[in-house]
Amino acid sequence: MAKVLLEMKSITKTFPGVKALDNVNLQVEEGEIHALVGENGAGKSTLMNVLSGIYPFGTYEGDIVYDGEVCKFHNIKDSEKKGIVIIHQELALVPYLTIGENMFLGNEQGSKWCIDWNKTYAEADKYLAMVGLTDSSKTLIKDIGTGKQQLVEIAKALAKNARLLILDEPTSSLNETDSRALLDLMKKLQREEGLTMIIISHKLNEVSYVADKITVVRDGSTIETMDSKNQEISEARIIKGMVGREITDRFPKRHDVKIGDVMMEVNNWTVYHPEFSERKVVDDVSINVRAGEVVGIYGLMGAGRTELAMSIFGRSYGIGISGELKLRGEKITLKSPKKAIKAGLAYVTEDRKGNGLVLSNSILRNTTLANLEGVSKGGLFIDQDKETEVAQEYVEKLKTKTPSVEQLVGNLSGGNQQKVLLAKWMFANPDVLILDEPTRGIDVGAKYEIYCIINDLAKAGKSVVMISSELPEVIGMSDRIYIMNQAKIVGEMKASEATQENIMARIVGVKDESANAEAVDADSVESEA
Amino acid sequence: MGASKVKNFLRKYMMLIATVLVVIAFYFITNGQSLNPDSIDRLISQNAYVFVLGTGMLLCILTGGNIDLSVGSVVCLAGSVGAIIMDNNLPWALAVFVMLFMGLLVGLWHGYWIAYVKVPPFIATLVGMLAFRGLANIFLKGKDVPVRNKEFMNVFGGSDTCYVPDFLKNVGPELTIRGVTLNKTCIVFAILLALGIVIYTFINRARLVKNGYKVDNLAVVIVKTVLIAAATLWFGYKLACYRGIPTALIWIALVLGIFAYITTKTTLGRNLYAVGGNEKATRLSGIDTRKVMFSAYTLMGVLSGFASILVIARGQKSGPTVGVGFEMDAIAACFIGGASAYGGTGSIGGVIIGATLMGVINQGMNMAKTPTNYQKVVKGVVLILAVLFDVLMQLKRKSAKKKKAVKVITTEEGGAKS
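As they're listed, the protein sequences go chains A and B.
Those letters in the first sequence? Residues 32 to 560, by the working numbering.
Those letters in the second sequence? Residues 41 to 458, by the working numbering.
See below:
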């Protein structure tokens, strides 16, 4: 058995309101590639942030034993000194600086008072060769593609004398060829440099291709570690570990809801990324929702769900949008959120604080923001009595906990903020509500109340599209489920037929729907995706 | 609970209290001179432009801490054109119209670039600051142009006669206190206003109670109303001791009233706050945020035009250096009055307090014969203190919230264990 390079012992990390990590143990041997897998929010990134000192010593409980000694990292510089380098999912490169400048940013070569540019570029070229990049280190970052940028990140890490390299979703923005090249590079670095690596990934085919050991993280705990060096681990096996929790009656039942005609229909919807205009973020998607129906859209982060919703909602995201949108059977073009709201659409945003609410304003003002016409004379002069009445009504209806409607939304808890956001859109009186992650980051009790509100909406004949990355929620709340992955709809099923395993299997591209599917080797999965 | 109430009270009224304290301090420093009727009268007339420009600046700042650097130059440009028109013996009404119209044009110009082309406001208005002053100087040929039109000055507050005439002078007996004959119109007006405030407050409260809304404690309301009414009466008395109501005061009150209404009771006002608080959320709520930005700068332009009228009437001339530094006075008034540098919060009431405080400090220091350069230093210190207070209050609130959240977790854990 090889030497243990890193051991994280009973790590517990709490944020206000949530326990992100609960007694987590992780052991990494020198020279291995160790994969961390788990659903969104399972705690993988939090664990790595603890390890790299982003959450400093003292803000978590437990010990980090690295290279035989207990480490107390107070910031990222401390961990880098020891050779632990993390590469984040979002690349941290400055576009208008050269590759060389980026690689030695914060680690400048030369004396204290003068940067030695010759040395910088010579060193940079050396490390670039190591990762197999032939571009000159004087090229600007903005002039090379994302695949190469990812390689620059790795070269940058190597230049810091990394012994333990952490890659957080390194292939999430890469195409097939670049992804494969990156994985091969990882294997090469392991072989030739003896580098130890931890990779976080959603893509199970990549994980089984590259990893020697796989640790499954679920709900803030490490569930199991599988050794894949000597035996093949099937993806179905990993999936079982990832989702393996029971669905209890955390979801209120809907009774006597009549599902009516098709209310909204989207056909062949394609959207391109606003900055990288050749990248499709939504690819030929067709979905529909009926009156009184709750349709779930499940997918991992970055699958294109939010992009789909926002592009439908008055083209508030993306460029080059094509496809057909039908409301109540009629073809319609919505060019702005204003028109979308008028047509009876509502989009309850994913990011409450960023895109949803005006935190510096009161509950009252937030409630009426999307429908000020409803409380004003001639759309100009606000009737404040009526406005108070409306806000009061929704506070009572949704059981928002607040001393008064004048309370600033920024002072409310996550669950209550979500209720204010829902109130805003309910007051706009839409026919179709698109709810984007309606229960993210709120506690179980508030979640249940939100589910009840969703049920009431369906009962009132509204069409609800619920985007979520929580499987139990999607299965428990929807009538019908669309599964989205890499900009495409990869499956549609009735909620009654859905299980966590067969939905996950669609995501990772396993053809057989049953949970006991045979292991599929990495190559065929890749061609599938 | 008590401590947090005190904190809230301080937060809300800190600058008002500071203003009162500063007024009292200068009263003693200047041996009572600073509260003489003529001093108060001058305070209003000299600072009229700060109130008007501060109001416009507030609209821009609300949309996200955006400022308008050009207002001083716009005042100079519009004022110069107005002065030249009157100097050529054309009717003053035409001059007024042209000045307002020029302000509007400037506002539309800025609004277009900022809202629709997305030029950063700082740059768009910096361009205006340079270009409009240059343009003004071209029109003026580098020389002062006097304003001699008496009627114009009477209406907008320039010469000795720019007061509301004492209509009631010959009604009833002469009012004299300590040998000073009072302006009866002014007194009557102040009494009516104070009464109006009291009556409105209680009728409104009764209505709210009837509809079952939450209202403030009755005692608090009474104290507040009595204080406001008393201040109104005292102010009216002081003005009555001098020459009565300055016309400039009427114009300031009109502008402040209209924009207090716009910011609190109209959808446009609501949208200004929403855009500044969270532009993305506002856009996704179906509000055309570009139109909101455009409106803010357009109104700022019109108000700059209006300020130019008051400025040339008061100065009885226009010249190349008219309006230099006005933008800074307006910005400072907003921030002292509690507007957030990131947008989304602030009020007309704050602008009134900010402008008054600055005016009081200016005048007090002038009377105390403080050298000009020291005056500038003091003004800078006041600005940083005002903003610092706000920042500290917010930091405290945040840390208090964090502590509370941690407490919740620990109690939850305790519960789980037991």
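Quick reminder that beta carbons are idealized off the backbone N, C-alpha and C, glycines included.
Taking a cut-off of 8 Å for Cβ pairs, the segment 78 to 89 of chain A and the segment 98 to 111 of chain A touch, as three or more such pairs fall below it.
Looking at the DSSP output, residue 286/B bridges to 203/B. Close partners of residue 346/A in chain B (Cβ separation under 8 Å) are lacking, with about 12 Å as the shortest Cβ gap.
Here residue 430/B has 378 as same chain residues with Cβ atoms under 7 Å from its own Cβ, once five neighbours each way along the sequence are excluded. At a cut-off of 8 Å between beta-carbon atoms, residue 419/A makes contact with chain B. Those residues of the segment 377 to 397 of chain A placed with their C-beta closer than 7 Å to a C-beta in chain B are 378, 380, 385, 386, 387, 388, 389, 390, 391, 392, 396, ordered along the chain. In the structure shown, residue 369/B falls within a helical segment according to DSSP collapsed to helix, strand and coil. Residue 85/B and residue 467/A have their C-alpha atoms some 56 Å from each other. By the Cβ rule, the segment 354 to 366 of chain A counts as touching the segment 297 to 304 of chain A, because three or more pairs are nearer than 8 Å. At a cut-off of 8 Å, the C-beta of residue 350/A has no neighbouring C-beta in chain B.
Residues of chain B whose Cβ lies closer than 9 Å to the Cβ of residue 416/A are, in chain order, 247, 248, 251, 253.
Within the segment 155 to 240 of chain A, the runs of beta strand (DSSP E) at least 3 residues long that lie entirely inside it are, in chain order, 195 to 199, 227 to 231. Between residue 423/B and the set 380/B, 385/B, 384/B, 408/B, the nearest pair of CA atoms involves 380/B. Relative to the Cα of residue 302/A, the nearest Cα in the group 322/A, 316/A, 40/A belongs to 316/A. Among the residues facing chain B, residue 187/A is not included, as its CB has no counterpart in that chain under 8 Å away. Counting only Cβ-Cβ distances below 7 Å, residue 412/A has contacts in chain B at 305, 306, in chain order. When DSSP states are grouped into helix, strand and coil, residue 85/A belongs to the coil group.
Secondary structure of residue 67/A (DSSP, three-state): strand. Per DSSP, the unbroken alpha helix (DSSP H) holding residue 504/A starts and ends at 502 to 508. For the pair residue 341/B and residue 181/B, the Cα-to-Cα distance works out to about 24 Å. Using a Cβ-Cβ cut-off of 8 Å, residue 509/A does not count as an interface residue toward chain B, since no Cβ of chain B sits closer than that to its own.
Residue pairing by DSSP places residue 313/A opposite 302/A in a beta bridge. Ranked by how close their Cα comes to the Cα of residue 515/A, the residues 336/A, 178/A, 421/A have 336/A in first place.
Spanning the alpha carbons of residue 100/B and residue 79/A requires a straight line of approximately 43 Å.
Per DSSP, the continuous beta strand (DSSP E) segment holding residue 102/A begins and ends at 100 to 102. Using a CB distance cut-off of 8 Å, residue 403/A counts as an interface residue toward chain B. Closer than 8 Å at the C-beta level to chain A, one finds these residues of the segment 318 to 344 of chain B: 318, 320, 321, 322, 323, 324, 325, 326, 327, 328.
Rounded to whole angstroms, residue 336/B and residue 312/B show a C-alpha spacing of 8 Å. Residue 51/A is a Cβ neighbour of residue 44/A, given a cutoff of 8 Å.
With its beta carbon at least 8 Å from every one in chain A, residue 103/B lies outside the interface. A residue is called buried once 16 or more other Cβ atoms fall within 10 Å of its Cβ, and residue 144/A, having fewer, is exposed. Residue 107/A: member of the alpha helix (DSSP H) spanning 107 to 112, first to last residue.
Residue 276/B is positioned such that its CB atom lies no closer than 8 Å to that of residue 206/B. Sequence-distant partners of residue 75/A (beyond 5 residues in either direction) whose C-beta falls short of 6 Å from its own C-beta, in its chain, are 67, 69, 231, 248.
At a cut-off of 8 Å between C-beta atoms, residue 363/B does not count as an interface residue with respect to chain A. The C-beta of residue 135/B comes no closer than 8 Å to any C-beta of chain A.
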